[in-house]
Every structure is written in structure tokens, then in C-alpha cells.
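Below is one structure; the comments refer to it alone.
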Amino acid sequence: NKGQCMSAENKKLFEEFVDYCSGLTEDHPEVIPFLKGRLANANQTYLSSVEFRNVLGRCLTRVQSKRSKIYVYINELCTSLKANSQKRKLTLKP
Amino acid sequence: GADAPDDDDDDDDDDPENRIAKKMLLEEIKANLSTE
């Protein structure tokens, strides 16, 4: 259950990041859904990892102190999630 | 007296690093939409 509470903590941090950035990316409303899609595609092991929590915490702290680099941090989060996406096994039809 | 200029309203297009990240992200989203 340590993984579950870490996962819940990371989910809360992610929502905090999304809430903060939503108001600042109204000129491109497609960005936040894309970021959420990346989260949905990430593997559970990563989502409940300390590494992901560190990335989230760093991006959240920095975006709150430096809004002018908001897309840098959104991009960083997307990249980390993409790097840990679930590998979909393609089942080839015989 | 005149109000202090609202200097914390930093536009995200001023920062070159942010501009590049924004461009890359929007291109990735566009590519993602075209493959779906």
C-alpha cells in the first residue's frame, strides 16, 4: 500500500499542477488535455514512483515562481510521462 | 499617483526557452491528433 499512497500523492500534485497551468494556457486549450492523456498512458509503476513525485514537485515549484517558462515545465512533464508510457504490445493477427 | 506598472504579468512569449518549448509541444499535439 506504500505504492498506493505514493500514487495518490502524485495524483494530487499532478492535479495541482494542472489547475495552476489551466488558467495560464487558455490561449491553447488543447495543451492540458494532451498532458492528461500522457498521464493516462503512463505505466502505474512510474506513476507511483518517487522519481515522478520529484519531477512533479520540481515543475510545480518552478512554474509557480516563473510563469514565463510555463511551457518549459509542461513540456518537461509530458516528456517524462511519454518516456514511461505503457508499452502496448501489438498482437498481430495470424 | 499612477499605479505601479503590472510587471508580474510576464508574457510567456517573451522567454525564448518558453517559446521553443511551446512550439515543440504544439507541434507534438498536432502530430498526435493527426495519428489518432
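Keeping their order, the protein sequence lines are chains A and B. Under the working numbering, think of the first position of the first sequence as 585, with each following residue one higher. Under the working numbering, think of the first position of the second sequence as 77, with each following residue one higher. Note that the Cβ used here is the ideal one computed from N, Cα and C, for glycine as well.
- Minimum Cα-Cα distance from L597 (chain A) among the listed residues A:K586, A:K653, A:L661, A:Y655 corresponds to A:L661.
- Of the residues A:G587, A:C643, A:P613, A:S633, the one whose Cα lies closest to the Cα of N668 (chain A) is A:S633.
- Three or more beta-carbon pairs separated by less than 8 Å are not found between the stretch 621–638 of chain A and the stretch 605–612 of chain A, which leaves the two stretches without contact.
- The CB of E614 (chain A) comes closer than 7 Å to the CB of I105 in chain B, given here in chain order.
- Beta bridge pairing from DSSP links A107 (chain B) with no other residue.
- If you check the CB distance, C643 (chain A) and Y655 (chain A) do not come in under 7 Å.
- As far as DSSP is concerned, S649 (chain A) takes part in no beta bridge.
- Secondary structure of S633 (chain A) (DSSP, three-state): coil.
- Contact between K653 (chain A) and E93 (chain B) holds, since their C-beta atoms are separated by about 6 Å, short of 8 Å.
- For E593 (chain A), the CB contacts under 7 Å within the same chain, skipping 5 residues up- and downstream, are R637 in chain order.
- Minimum Cα-Cα distance from V615 (chain A) among the listed residues B:D91, B:R95, B:L102 corresponds to B:L102.
- Contact between Q670 (chain A) and Y604 (chain A) is ruled out by a C-beta separation of about 27 Å, above the 8 Å threshold.
- Contact check for S664 (chain A) against L631 (chain A) fails: the beta carbons are separated by 7 Å or more.
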